[in-house]
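Numbering-wise, the sequence shown is residues 8 to 81 according to our numbering.
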Amino acid sequence: MSVNSPIESKRACKAVLVWELLVLFLLLFFLTISRENIGLSLGQFLQFWPIVLVLFLYQTVFSVPYEILMLFIH
Numbered sequence: 008m009s010v011n012s013p014i015e016s017k018r019a020c021k022a023v024l025v026w027e028l029l030v031l032f033l034l035l036f037f038l039t040i041s042r043e044n045i046g047l048s049l050g051q052f053l054q055f056w057p058i059v060l061v062l063f064l065y066q067t068v069f070s071v072p073y074e075i076l077m078l079f080i081h
């Protein structure tokens with residue numbers, strides 16, 4: 008078993024944090040673009056937002072603070 012150095016751990020946490028925020032941004036972007044291109048009504052578009060809200064809350068409440076905390080602990 009190899010033990011990662013603190014620098015490698017910080018890099019890994021930063022990479023995961025950036026990746027998760029990028030995925031969230033792309034999800035919001037494509038949902039917005041698809042609404043405009045497909046011509047969904049506002050009611051149909053709002054059906055997507057509970058999914059986006061759940062993903063956003065998961066990222067911000069559970070995942071992101073944990074990774075930020077890990078950056079300072081290591």
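Note that beta-carbon positions come from the ideal geometry of N, C-alpha and C, so glycine has one too.
Indicate whether Leu33 and Val59 have their beta-carbon atoms separated by less than 8 Å.
no
Val30 versus Val23 - alpha carbon distance
10 Å
Boundaries (first-last residue) of the alpha helix (DSSP H) holding Phe55
Here Phe55 belongs to no alpha helix (DSSP H), and DSSP marks it neither H nor E.
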